[in-house]
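**Q** One structure, as structure tokens, below. Some questions next.
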Amino acid sequence: MIKLVAFDGDDTLWDFSTAMRRALQSTLEELWTVHSDSSTGALTVDRMIEIRDRVARELEGRVVDLAAVRHAAFERTLEEVGIDDPALAARLNAMFFAVKDLHASPFPDAAAVLTEISRSYQCALLTNGNADPARYELGGLLHPIVRSSEEGVAKPDPQIFEILLERSGFAPEEAVYVGDSAEDDVVGARAAGVRSIWVNRAGAENTTGVLPDAEVEALAAVPKVLEEWT
Numbered sequence: 005m006i007k008l009v010a011f012d013g014d015d016t017l018w019d020f021s022t023a024m025r026r027a028l029q030s031t032l033e034e035l036w037t038v039h040s041d042s043s044t045g046a047l048t049v050d051r052m053i054e055i056r057d058r059v060a061r062e063l064e065g066r067v068v069d070l071a072a073v074r075h076a077a078f079e080r081t082l083e084e085v086g087i088d089d090p091a092l093a094a095r096l097n098a099m100f101f102a103v104k105d106l107h108a109s110p111f112p113d114a115a116a117v118l119t120e121i122s123r124s125y126q127c128a129l130l131t132n133g134n135a136d137p138a139r140y141e142l143g144g145l146l147h148p149i150v151r152s153s154e155e156g157v158a159k160p161d162p163q164i165f166e167i168l169l170e171r172s173g174f175a176p177e178e179a180v181y182v183g184d185s186a187e188d189d190v191v192g193a194r195a196a197g198v199r200s201i202w203v204n205r206a207g208a209e210n211t212t213g214v215l216p217d218a219e220v221e222a223l224a225a226v227p228k229v230l231e232e233w234t
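FYI, the numbering for the sequence shown is 5 to 234, going by our numbering.
Structure representation (structure tokens):
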């Protein structure tokens, strides 16, 4: 019997990607103001995302705090355009998070879906991110809240799912995990023996070789899946 429904945060309950791109654009414009030469002029938001993803892969298994990963990505970005300025990297990093938090918002169906599901199941948050669900008025619906930055381990490592289960007091077969990432959420849940629902809004291809127990195009479809499983 399902008793716990846990959710990912970024791009599952709230729109991280849109806010992230806006924040990167702001930091890029700040960089152009400080260093308006040809090297910085070639930078784009997409290239900054590529650099961040590359840095994250290099730090995988050693750094799980995404704020630290983002800071390292700004340092690498400056390095790749020939700028050695740790203070500027720190300033851009702080600016990124301030702008991201200003623009981030929950998906339109998030509050209603969580409210509906919480009538029948305990809802929790398990995230590799660092956003506070209370900012989106969702915090009261999610308990416990487990963050990789506080646990020293990140999805898809099954250990962080085990931490969630221990704090919730449920067995793997009593839990369902809902997330947007096949790599982190589907693979991690399967490794922990937890059923997964993949929220695949963009119709992305799953290249992990691990299939979710269900796939939906929007959060609003999750309650129906849970109903079918009970």
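The beta-carbon is built from N, C-alpha and C at its ideal position, and this holds for glycine as well.
Within a Cβ cutoff of 8 Å, which residues of the same chain sit near T212, ignoring the five residues on either side of it in sequence?
**A** As a first step, residue 212 must be located in the sequence shown, where it is residue number 208. Only A186, E187, V190 and V191 meet the Cβ criterion.
**Q** Smallest Cα separation from L230: which of N210, V182, G207 and N204?
**A** Taking the sequence shown and counting its residues from 1, the one referred to as residue 230 is at position 226. Comparing Cα-Cα distances from L230 to each of N210, V182, G207 and N204, the minimum goes to V182.
**Q** So, under 8 Å CB-CB, F100 and A158 are touching, yes? Tell me the CB distance rounded to an integer number of Å.
**A** As a position in the sequence shown, residue 100 is number 96, starting the count at 1. As a position in the sequence shown, residue 158 is number 154, starting the count at 1. With a Cβ gap of about 20 Å, F100 and A158 do not count as contacting.
**Q** So, with DSSP's three-state summary, where would you put Y140?
**A** Along the sequence shown, one-based indexing puts residue 140 at 136. The answer is helix: DSSP assigns Y140 an H, G or I state.
**Q** Note down the Cα distance separating T92 from S152, rounded to an integer number of angstroms.
**A** Here residue 92 is taken as the residue at index 88 of the sequence shown, counted from 1. Here residue 152 is taken as the residue at index 148 of the sequence shown, counted from 1. Rather than Thr, the amino acid found at residue 92 in this sequence is Leu. About 27 Å.
**Q** What's the gap between the Cα of W36 and the Cα of D50?
**A** Within the sequence shown, numbered from 1, the residue matching residue 36 stands at position 32. Within the sequence shown, numbered from 1, the residue matching residue 50 stands at position 46. Between W36 and D50, the C-alpha separation is close to 16 Å.
**Q** Can you tell me which of I201, T81 and A206 puts its alpha carbon nearest to the alpha carbon of T48?
**A** Residue 48 sits at position 44 when you count from the first residue of the sequence shown. Here the closest residue by C-alpha is T81.
**Q** Using DSSP with H/G/I as helix, E/B as strand and the rest coil, what is E64?
**A** To locate residue 64, count along the sequence shown from 1; it is residue 60. Three-state result, E64: coil.
**Q** Using a Cβ distance threshold of 8 Å, determine whether the stretch 167 to 174 contacts the stretch 202 to 218, with at least three qualifying pairs required.
**A** Contact between the stretch 167 to 174 and the stretch 202 to 218 is absent, because fewer than three Cβ pairs lie under 8 Å.
**Q** Would you say the stretch 102 to 119 touches the stretch 14 to 22, given that touching needs at least three Cβ pairs under 8 Å?
**A** Enough Cβ pairs lie closer than 8 Å, so yes.
**Q** Can you have a look at A179 and say buried or exposed, based on whether 16 or more other CB atoms are within 10 angstroms of its CB?
**A** Walking along the sequence shown from the start, residue 179 turns up at place 175. So A179 counts as buried.
**Q** Could I get the ranges of all uninterrupted beta strand (DSSP E) runs contained in the stretch 7 to 93, with 3 residues as the minimum, in chain order?
**A** Runs of the beta strand (DSSP E) inside the stretch 7 to 93: 8 to 11.
**Q** Please identify the residue among V73, V59 and R66 whose C-alpha is closest to the C-alpha of E84.
**A** Counting from 1 along the sequence shown, the entry for residue 84 is found at position 80. The shortest Cα separation from E84 among V73, V59 and R66 belongs to V59.
**Q** Which whole runs of the alpha helix (DSSP H) in the stretch 124 to 192 are 4 residues long or more, in chain order?
**A** You should have 152 to 155 and 162 to 172.
**Q** So which of V226, N132, P148 and V214 has the shortest CA-CA distance to V73?
**A** As a working mapping, residue 73 is identified with position 69 in the sequence shown. Closest by alpha carbon: N132.
**Q** So the alpha helix (DSSP H) A116 belongs to, where does it begin and stop?
**A** Mapped onto the sequence shown, residue 116 falls at position 112. Element bounds for A116: A114 to S122.
**Q** Return the Cβ separation of P137 and I149 in integer angstroms, given the expectation that the two are a contact with Cβ distance under 8 Å.
**A** For this step, residue 137 is matched to residue 133 along the sequence shown. For this step, residue 149 is matched to residue 145 along the sequence shown. Their Cβ separation, rounded to whole angstroms, is 7 Å, which keeps P137 and I149 in contact under 8 Å.
**Q** Look at the Cβ atom of V9, then the Cβ atom of Y125, and state whether they are nearer than 8 Å.
**A** Locating residue 9 in the sequence shown gives position 5, counting from the first residue. Locating residue 125 in the sequence shown gives position 121, counting from the first residue. Yes; because the gap between Cβ atoms is below 8 Å, this pair is in contact.
**Q** Quick one: is P160 buried, meaning 16 or more other Cβ sit within 10 Å of its Cβ, or exposed?
**A** Indexing the sequence shown from 1 puts residue 160 at position 156. Classification of P160: buried, given that the 10 Å Cβ count is 16 or more.
**Q** Between which residues of its own chain and L96 is the CB-CB distance below 7 Å, once the five residues before and five after are set aside?
**A** Reading the sequence shown from its first residue, position 92 is the one you call residue 96. Correct list, in chain order: T31, E34, L35 and F78.
**Q** Kindly indicate which residue of A116, A114 and Q163 has the alpha-carbon position closest to the one of L65.
**A** For this step, residue 65 is matched to residue 61 along the sequence shown. At residue 65 the sequence reads Gly, which differs from the Leu that was named. It is Q163.
**Q** Would you decide whether L215 is buried or exposed? Buried here means 16 or more other CB atoms lie within 10 Å of its CB.
**A** Translated into the one-based positions of the sequence shown, residue 215 becomes position 211. Under this definition L215 is an exposed residue.
**Q** Do D14 and A135 have their C-beta atoms within less than 8 Å of each other?
**A** For the purposes of this step, residue 14 is taken as residue 10 along the sequence shown, with counting starting at 1. For the purposes of this step, residue 135 is taken as residue 131 along the sequence shown, with counting starting at 1. The answer is yes: Cβ separation under 8 Å.
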